[in-house]
Amino acid sequence: MSDSAEPQGTVVLKVSGLTVVYGPQTAVAGVSLEIVRGEIFGLLGPNGAGKTSTLAAIEGLIAPRSGTVTVDGLDLRRHPAQARSRLGVQLQSSSFQPELSIEQIAALYGGLYGVRLSREQIRRSLEEIGLDQERGKRFKQLSGGQQQRLALYIATIHDPLLLLLDEPTSGLDPQSRRALWSRIELLRGRGSSILLTTHSMEEAQAVCDRVAIIDHGALLTTGTPTDLIAAHRDDPRVLAVAHGDVTLEDVFIGLTGSMIRD
Amino acid sequence: MTESLSTRPDVGLALRSLLRADATVQLRSRVSTILSLALPLVILIATSFGKAGQRLGGADLVIGLALTLGLLTSCLLGYSFTLAHDRDAGVLQRLRVTPAPTWTIMTSRISVQFVTNLVASIVVVIVGAILHGLSLDAAQYALTIGVAALGAAVFLAIGQALVGLVPSTGAVTAIGRILFIVLVLLGIFGGTGLLGDTLKTIAQWSPVGALMTLFSSVVAGAAWSDQDTIGLLACAAYIVVFTFIGIRWFRWDSR
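The structure is reproduced here in structure tokens:
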């Protein structure tokens, strides 16, 4: 692992020796990482590398075999409600009750996070994300971009300290992607930290302060995109796949291999 | 970050929000209304012509049958399928990553379904009494609703255990339907003695058989019997056992 670019500032997420096991298969093998306040951290890895399992363990959806997760100093296992109240979560495929309108979904999730929202507050928030006209519609009636905007709004309805986004740009058109990154930057500006997974190396290189590459459940390297490129530019595996200047994608493919994963 | 987040979010607010949302979902779900009311009302109407009701054992038995089948259909084919579908679609996972305790998520759903069943049962008893010319006093109505609450608890516990033990929505649907048929056949036909004494005894202890006994006793205003005691004990046992299974082994994720 690269030792460069150690995070500076208040640690909001600390993951130590996280191991997740499904039957005989180890999905996450001793992952440790820290994220500081206001940082955008990208977790990169091929399909089945352990990204979603790592996020699921941080979200408290699965119990790790070993290791600890602390959010803002709170142990997730000992104080799950308090720790979760500091987390905003957007799952890979968000689904809300199909019978509820998006206005009702917002009211429900506000209540679940302890935030009392008036109809006017909800209307204003939906207006901010361009969904004011859709507030009476059901989630399934929204377009992919609108669904994504609503899912992100719900994930941030309580101004979380740490936002967990699992492949947030997957399936979005360039306009929606650009709007998403603007919103993520806005949230960072308000003091939130962001941990996200993505398959887009260009986006990770452009947006993330630090990235970690994970494969077969283990972190291979961590650092700023620039530092990772510098640290691995002479690695023969990276040079073998690079065309011209070494990019983060070259480092990624060099370290995780060219074989297509399902 | 708001100041309120330094402490645990308000569980009462979370539960109220869930109850409001689940009640809205229930009201908008036509399937739920149909399952709760359609089958019992069809039974009541169909048996109100000529001597059909008498051939089935009298008005008290017919109303008991309608109430029992309404509860069974609503809980086993309605509640469990909806819960399994929501689990499969990721609705439950999305709720679970919030700070709301998981018991609030389940309590809300079960409570809304329970109230729906009670309301449907009241409608069925009133319609049944009118169609079959019964004059029930307040105590009989109250007892009937009490037994309906017991029945709703039994079948909700069975539905919860089914979804808890079976991860796939397709399998929940298939097993739920088979279970429905088996319980109905056992409770109705086993109880007549047509299938032999052993099955008759089993039928008395089966969920459908036990509830039909209790319903027909309270609707008829009959004195408390040993068979009623058996029915009550059986229902209590089903509630305890299946609730334990449904909570202990509930799977929040279908994968």
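Residue numbers (the numbering used here), protein chains in the order written: chain A, 1 to 262; chain B, 1001 to 1255. Glycine included, each C-beta is placed from N, C-alpha and C at the ideal position.
Nearest-angstrom Cβ-Cβ length linking residue i and residue j, presumed shorter than 8 Å
| i | j | result |
| --- | --- | --- |
| A/G189 | A/R210 | Contact doesn't hold; Cβ gap of about 18 Å is too wide. |
| B/A1157 | B/I1239 | 5 Å |
| B/L1027 | B/V1208 | Contact doesn't hold; Cβ gap of about 28 Å is too wide. |
| A/P46 | A/R261 | 4 Å |
| A/L248 | A/Q205 | 4 Å |
| B/W1252 | B/Q1093 | 6 Å |
| B/G1090 | A/L91 | 6 Å |
| A/I40 | A/I194 | 5 Å |
| A/V264 | A/L152 | Absent from the model: residue 264 of chain A. The displayed extent of chain A is 1 to 262, so no value can be given. |
Beta carbon of residue i nearer than 8 Å to that of residue j
| i | j | result |
| --- | --- | --- |
| B/G1176 | B/L1162 | yes |
| A/G38 | A/G191 | yes |
| B/L1077 | B/L1037 | no |
| A/R135 | A/E103 | yes |
| A/L126 | A/T156 | no |
| B/G1070 | B/A1120 | yes |
| A/L131 | A/E59 | no |
| A/T54 | A/L76 | no |
| A/A57 | A/V11 | no |
| A/V15 | A/L33 | yes |
| B/S1108 | B/L1039 | no |
| A/G114 | B/D1228 | no |
| A/K137 | A/S101 | yes |
| A/Q133 | B/R1008 | no |
| B/V1154 | B/C1235 | yes |
Sequence-distant residues of the same chain with beta carbon closer than 8 Å to residue i, five excluded per side
| i | result |
| --- | --- |
| A/I105 | F96, Q97, F139, L150 and I154 |
| B/M1291 | This structure cannot speak to residue 1291 of chain B, because chain B is shown only from 1001 to 1255. |
| A/S118 | none |
| A/I122 | E103, A106, A107, G110 and R135 |
| B/Q1140 | V1218, V1219 and G1221 |
| B/S1254 | A1084, R1087, D1088, P1167, S1168 and T1169 |
For residue j and residue i, the rounded distance between their alpha carbons
| i | j | result |
| --- | --- | --- |
| B/V1042 | B/G1159 | 23 Å |
| A/L112 | B/T1104 | 10 Å |
| A/D245 | A/L180 | 28 Å |
| B/L1199 | B/S1225 | 20 Å |
| B/V1172 | B/G1221 | 38 Å |
| B/V1112 | B/L1019 | 7 Å |
| B/L1179 | B/S1080 | 12 Å |
| B/D1086 | B/S1135 | 42 Å |
| B/G1151 | B/P1099 | 33 Å |
| B/D1088 | B/L1095 | 13 Å |
| B/A1148 | B/S1216 | 12 Å |
| A/T197 | B/R1248 | 33 Å |
| A/G9 | A/V36 | 6 Å |
| B/A1223 | B/V1184 | 26 Å |
| B/F1250 | B/S1168 | 12 Å |
| B/A1210 | A/V69 | 50 Å |
| A/P236 | A/M201 | 20 Å |
| B/L1118 | B/I1145 | 7 Å |
| B/T1033 | A/V20 | 43 Å |
| B/L1013 | A/T226 | 46 Å |
Residue i (DSSP reduced to helix, strand or coil)
| i | result |
| --- | --- |
| A/G17 | strand |
| A/R138 | strand |
| A/Y109 | helix |
| A/E203 | helix |
| A/G30 | strand |
| B/V1219 | helix |
| A/S66 | strand |
| A/A242 | coil |
| A/Q25 | strand |
| B/F1049 | coil |
| A/S101 | strand |
| A/R210 | strand |
| A/T247 | coil |
| B/Q1026 | helix |
| A/Q90 | strand |
| A/F41 | strand |
Proximal residues to residue i (C-beta, below 6 Å), its chain only, five neighbours per side dropped
| i | result |
| --- | --- |
| A/H232 | V238 and V251 |
| A/L255 | I213 and L220 |
| A/T26 | G217 |
| B/I1130 | none |
| B/F1049 | none |
| A/G48 | R261 |
Cβ neighbours of residue i in the same chain (closer than 7 Å, five flanking residues each side left out)
| i | result |
| --- | --- |
| A/M1 | Residue placement at A/M1 is poorly supported in this model, since its pLDDT is 43, which falls under 50; the coordinates are not used for a value here. |
| A/P160 | R86, L87, G88 and S192 |
| A/R177 | T169 |
| B/G1246 | A1157, Q1160, A1161 and G1164 |
| A/R267 | Look at the range of chain A in this structure, 1 to 262, and you will see that residue 267 of chain A is not part of it. |
| A/K51 | L43, G45, T197 and I214 |
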